[in-house]
Amino acid sequence: MSSKNRKRTASSSSSAEEPDSEEESRIKDLRERDEFANRLKQRDEERTRKVVEATGGRKAIEEATKRLKLEHEDRDKIVPHLRVQSRRQYLEKRKDDKVAELEADILDDEYLFEESVLTKREREERQYKKQLLNIAKEHEKARELERIQRYHMPQDLKKGERSEYVEVDDFEKQPNSEQKKWEAEQLASARFQFGAKDAKAEEEYELLLDDQIDFIQALTLDGSREKAAKETELTEKERKRMTLEETRRSLPVYPFKEDLIAAVREHQVLIIEGETGSGKTTQVPQYLVEAGFTADKKMIGCTQPRRVAAMSVAARVAEEMGVKLGNEVGYSIRFEDCTSDRTILKYMTDGTLHREFLSEPDLASYSVMIIDEAHERTLHTDILFGLVKDIARFRPELKLLISSATLDAEKFSAFFDDAPIFRIPGRRYPVDIFYTKAPEADYIDACCVSVLQIHATQPLGDILVFLTGQDEIETCQEVLQDRVKRLGSKIRELIVVPVYANLPSDMQAKIFEPTPPNARKVILATNIAETSLTIDNIIYVIDPGFAKQNNFNSRTGMESLMVVPISKASANQRAGRAGRTAPGKCFRLYTAWAYKHELEENTVPEICRINLGNAVLMLKALGINDLIHFDFLDPPPHETLVLALEQLYALGALNHHGELTKLGRRMAEFPVDPMMGKMLLASEKYKCSEEMVTIAAMLSVNSAIFYRPKDKIIHADTARKNFNHMHGDHLSLLQVYNQWAETDYSTQWCYENFIQYRSMKRARDVREQLVGLMQRVEIDMVSCLPETINVRKAATAGYFYHVARLSKGGNYKTIKHNQTVMIHPNSSLFEELPRWVLYHELVFTSKEFMRQVIEIESKWLLEVAPHYYKAKELEDSTNKKMPKGAGRAEMTQ
DNA sequence: GAGCACTGC
131 MSSKNRKRTA SSSSSAEEPD SEEESRIKDL RERDEFANRL KQRDEERTRK
181 VVEATGGRKA IEEATKRLKL EHEDRDKIVP HLRVQSRRQY LEKRKDDKVA
231 ELEADILDDE YLFEESVLTK REREERQYKK QLLNIAKEHE KARELERIQR
281 YHMPQDLKKG ERSEYVEVDD FEKQPNSEQK KWEAEQLASA RFQFGAKDAK
331 AEEEYELLLD DQIDFIQALT LDGSREKAAK ETELTEKERK RMTLEETRRS
381 LPVYPFKEDL IAAVREHQVL IIEGETGSGK TTQVPQYLVE AGFTADKKMI
431 GCTQPRRVAA MSVAARVAEE MGVKLGNEVG YSIRFEDCTS DRTILKYMTD
481 GTLHREFLSE PDLASYSVMI IDEAHERTLH TDILFGLVKD IARFRPELKL
531 LISSATLDAE KFSAFFDDAP IFRIPGRRYP VDIFYTKAPE ADYIDACCVS
581 VLQIHATQPL GDILVFLTGQ DEIETCQEVL QDRVKRLGSK IRELIVVPVY
631 ANLPSDMQAK IFEPTPPNAR KVILATNIAE TSLTIDNIIY VIDPGFAKQN
681 NFNSRTGMES LMVVPISKAS ANQRAGRAGR TAPGKCFRLY TAWAYKHELE
731 ENTVPEICRI NLGNAVLMLK ALGINDLIHF DFLDPPPHET LVLALEQLYA
781 LGALNHHGEL TKLGRRMAEF PVDPMMGKML LASEKYKCSE EMVTIAAMLS
831 VNSAIFYRPK DKIIHADTAR KNFNHMHGDH LSLLQVYNQW AETDYSTQWC
881 YENFIQYRSM KRARDVREQL VGLMQRVEID MVSCLPETIN VRKAATAGYF
931 YHVARLSKGG NYKTIKHNQT VMIHPNSSLF EELPRWVLYH ELVFTSKEFM
981 RQVIEIESKW LLEVAPHYYK AKELEDSTNK KMPKGAGRAE MTQ
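If you count the first sequence from 1, you need to add 130 to reach the numbering used here.
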């Protein structure tokens, strides 16, 4: 692509009579861009070669580098700690061995000798052993509980007492442990008995609830398993005894193995329609390996929308194939590449594959690419569709498998030139669906009533309630707990557990705890339970029919998070959550008529709802110049694309021919919004790369840095104010990070300052990645502290699009759209009201708010973006911060 | 004086 451009442009400029300086600089830039891209490619190749020589894979090298660095930095601190750690691990292992030994001993003993043949002493000894085992087990259980503590605020502790809070992340330091934990959870939850099994015969409750909701059953979501099939079902114990091979054979996909391989051989693109539980994600790639699709050293790739899925599926498949994870079977996700030169089966997140396109635009190292969970329609899968469809045209030997749930298969087939659909049955129980007779005005209240109604009248079994956000969940939790308290012993125990993404992970783990016999668990969840979290043993689902959805308005450049009715697809997905382990019931808090006539068929895909700045830049970097005619499964709004292109042009990532510039090529290396990418690159000129990288990392996790527990709001706000910087929030965030880094990334410090450790850890990961990328785009890391003017100038160089000026009445108006906006009350500048501000984002909640604001001087705008701002636009600026209270008076003049 | 659904690079 680039060479063609160069030729064309070279000839056009030579035909010009006089030297056109603009044209010349464009050509020079294009040349420099291609030289830069070549350097990148060369460096990547050298790096790969080195890795292959070292045989350990990239991961090993990274690990080794990290370890060396660590050792160098604080060897003295770490060694004693490591010693304790290893001693502890040894003791732990020894204890486990001993307990297992004891248990086996008792079992043997009981098997060999009946109680009656034993002497008194032998009987006593057996009794003693059993007691010992019990104590050991109880002890272990208690320790498990201790290990996962609630969020303790420091002031809860007495003086001198050490905090016992253990961040769950501490256990994630071993390689792959996040996935191990996930698996353990999954396994544990699978073992929990379905509540009703333990229950005695249903007791009659004569209980009158305040109000009741009338439900009518409308239809049953068909399951592929019937109640009767349960007899043939394997108990957990039996399943454990089954070998891996037997388990594989028992999966619904197994009988289709040969047909599937034949179909893949015959067709280049195949749509696989299969429900969850069919085993397609783990089995299909293995079948293809067996069928020889990786014979010529090429890989089979499989994308997943979520990190945990990519990791755990890879681990499972490695086990089934009897290889070590990271060798023949590996996974690749952000911050973690667990593959080697031996890898033939690679699981990855869709975003990772999207990035891989930058260094390998033809997917040359793959013979098969599987896009799994395509129906979820994430931004990345949607873009991948267009890209792989294009590649398939000039690489006829590349096989594509698109795997999706039932409803969308036809649509995918049509998109991929009527590719054949291969259907695989799943495993699911039927779910009865109930609708309300009349619409419910207050759905929170209706939820609570329904929960109690189910609790009082229905057989035991856990309830899952879908709510829109933290706020609703907390309200609902209070109401339920209050009503349960008032009903007292008239009803059985009801355990209420909340779950949403921002909840600390130890509290999230509570949803996997077993429900005690004769009690019922109610899980109040956001959409997180719709796809991301799978909770077993749910029998009842309550679905009010709403969700929060992010929408981007490209006309105003504003994001809004609003409560909207869900789609039919989403409603059915929610209902399906009731039928995973047994037949279930789903109560919809809307009428059957509303379902039929008011709900959309499908949720609007993400690509149509968000800012596409980064996506467009990536596509440009891949040489796709005509974005308006890019083959989208669902094309995003025209204005969104135009806005993205416009911004890229203003930022200098595209030249006036719409071609990618060197600056744009460098920006594309960063997995951030183009404005932020520009800001990072501008830090080179302003000699503050250290600061900008930190700020970028903090901004990208920002929403969840400050922790505000409901009962300690005042403390939390005071703690937050201590970080406030007079020039704005970017600098406050910088202070937070730097102070944290000074404490050696202490967890304790986070709790003392009401800062979420999890978010900070993530910011650290992001920062590390960005530092690596800065080196990649040939920028040295330097710091400008304690001076911070350059920090704000570099931010302005990226975000000059996001500037507002104080106007009459204390409101701000955006410079380009003249739109009235306000500083968000959480900002450190909320009461300061500087004349000119720059904002990181514009969000519409109750009003139009600028979130993350810094004070700037208008003359900087002319310095960093002379092509975008005219001096006239910026007139009448005093550039002085107005004295508090006097601001308005001065403005009226 | 507000309030952040969920992912991912």
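C-beta: ideal position from N, C-alpha, C; glycine also.
Local conformation of residue i per DSSP, three classes
i, result
"ILE641", "helix"
"HIS727", "helix"
"GLU1005", "coil"
"GLN703", "helix"
"ILE696", "coil"
"THR950", "strand"
"ASP538", "helix"
"GLU183", "With a pLDDT of 40 at GLU183, under the threshold of 50, the predicted position of this residue should be treated as unreliable, though the coordinate-derived value follows. In this structure, GLU183 counts as helix in the three-state DSSP scheme."
"GLY404", "strand"
"THR944", "strand"
"ARG163", "helix"
"ILE278", "In this prediction, ILE278 has a pLDDT of 32, which is less than 50 and means its spatial position is unreliable; nothing more can be read from the coordinates."
"ARG710", "coil"
"GLU799", "coil"
"GLU381", "For clarity, residue 381 is Leu in the given sequence; the question names Glu instead. Three-state result, LEU381: coil."
"VAL629", "strand"
Pair within 8 Å by beta-carbon distance, residue i and residue j
i, j, result
"CYS914", "VAL907", "no"
"MET451", "TYR496", "no"
"LYS410", "SER534", "no"
"LEU972", "GLY687", "yes"
"VAL912", "GLU820", "yes"
"LEU124", "ALA751", "Here the chain has residues from 131 to 1023 only, and residue 124 is not among them."
"THR918", "LEU992", "no"
"ARG558", "GLU458", "no"
"ASP673", "ARG704", "yes"
"TYR998", "MET980", "no"
"TYR867", "ALA826", "no"
"SER700", "THR733", "yes"
"TYR384", "ALA440", "no"
Beta bridge counterpart(s) of residue i as assigned by DSSP
i, result
"GLY431", "LYS476 and MET499"
"GLN468", "Just to set this straight, residue 468 is Cys in the shown sequence, not Gln. Answer is TYR461, bridged to CYS468."
"LYS962", "The sequence shown places Glu at residue 962, not Lys. According to DSSP, which records beta bridges pairwise, GLU962 is partnered with nothing at all."
"THR566", "PHE345"
"CYS716", "ILE563 and VAL671"
"GLU604", "BP columns for GLU604 are empty, so no partner."
"PHE596", "ALA655"
"THR511", "None, per the DSSP bridge assignment."
"TYR969", "VAL983"
"ARG650", "LEU624"
"ASN680", "LEU691"
"GLU736", "DSSP output for GLU736 lists no bridge partner at all."
"LYS529", "VAL498"
"PHE552", "ILE402"
"ARG935", "LYS943 and TRP966"
Residue i beta carbon near the ligand SAM (any heavy atom closer than 7 Å)
i, result
"TYR887", "The ligand content of the structure shown is nil, which means the ligand SAM is not present either."
**Prompt:** What runs of the alpha helix (DSSP H), each 4 residues or longer, lie entirely inside the segment 752-797?
**Reply:** Segments of the alpha helix (DSSP H) lying fully in the segment 752-797: 768-781 and 792-797.
**Asked** Taking one C-beta from the segment 665-674 and one from the segment 586-602 each time, how about it: are there three or more such pairs within less than 8 Å?
**Response** Three or more beta-carbon pairs drawn from the segment 665-674 and the segment 586-602 are found closer than 8 Å, and the two stretches are therefore classed as touching.
**Request:** Examine the Cβ distances between the segment 722-729 and the segment 755-772 and report whether three or more of them are shorter than 8 Å.
**Result:** No: the two stretches stay apart, fewer than three of their Cβ pairs being nearer than 8 Å.
**Contiguous alpha helix (DSSP H) assignments of at least 4 residues, all confined to the segment 829-916** = You should have 843-851, 859-872, 877-882 and 887-906.
**Item:** the segment 545-559 contacting the segment 416-428, beta-carbon criterion three pairs below 8 Å
**Value:** A contact is defined here as three or more CB-CB pairs under 8 Å, and the segment 545-559 fails this definition with respect to the segment 416-428.
**Prompt:** Is the segment 934-942 in contact with the segment 828-840, if contact means three or more CB pairs nearer than 8 Å?
**Reply:** In short, these stretches do not touch, since the Cβ pair count stays below three.
**Prompt:** Should the segment 811-819 be regarded as contacting the segment 874-890, the criterion being three or more beta carbon pairs within less than 8 Å?
**Reply:** The segment 811-819 and the segment 874-890 do not touch, with fewer than 3 CB-CB distances between them shorter than 8 Å.
**Request:** Please determine if the segment 594-611 and the segment 672-688 are in contact, where contact requires at least 3 C-beta pairs separated by less than 8 Å.
**Result:** In short, these stretches touch, since the Cβ pair count reaches three.
**Request:** Indicate whether the contact test is met: 3 or more Cβ pairs, each with one atom in the segment 797-809 and one in the segment 730-747, closer than 8 Å.
**Result:** The answer is yes - the segment 730-747 touches the segment 797-809, with three or more Cβ pairs under 8 Å.
**Request:** Check whether the segment 453-463 touches the segment 394-408, counting contact only when three or more Cβ pairs, one atom from each stretch, lie closer than 8 Å.
**Result:** Too few Cβ pairs lie closer than 8 Å, so no.
**Asked** Is there contact between the segment 430-448 and the segment 500-510, where contact requires at least three CB pairs shorter than 8 Å?
**Response** Remark: three or more beta-carbon pairs, one from each stretch, lie closer than 8 Å, so the segment 430-448 and the segment 500-510 are flagged as touching.
**Message:** Counting beta carbon pairs with one atom in the segment 769-785 and one in the segment 871-885, are three or more of them shorter than 8 Å?
**Reply:** The way I'd put it, the segment 871-885 doesn't touch the segment 769-785; fewer than three beta-carbon pairs between them come closer than 8 Å.
**Message:** With three or more beta-carbon pairs closer than 8 Å as the criterion, would you say the segment 615-626 touches the segment 644-662?
**Reply:** Contact between the segment 615-626 and the segment 644-662 is present, because at least three Cβ pairs lie under 8 Å.
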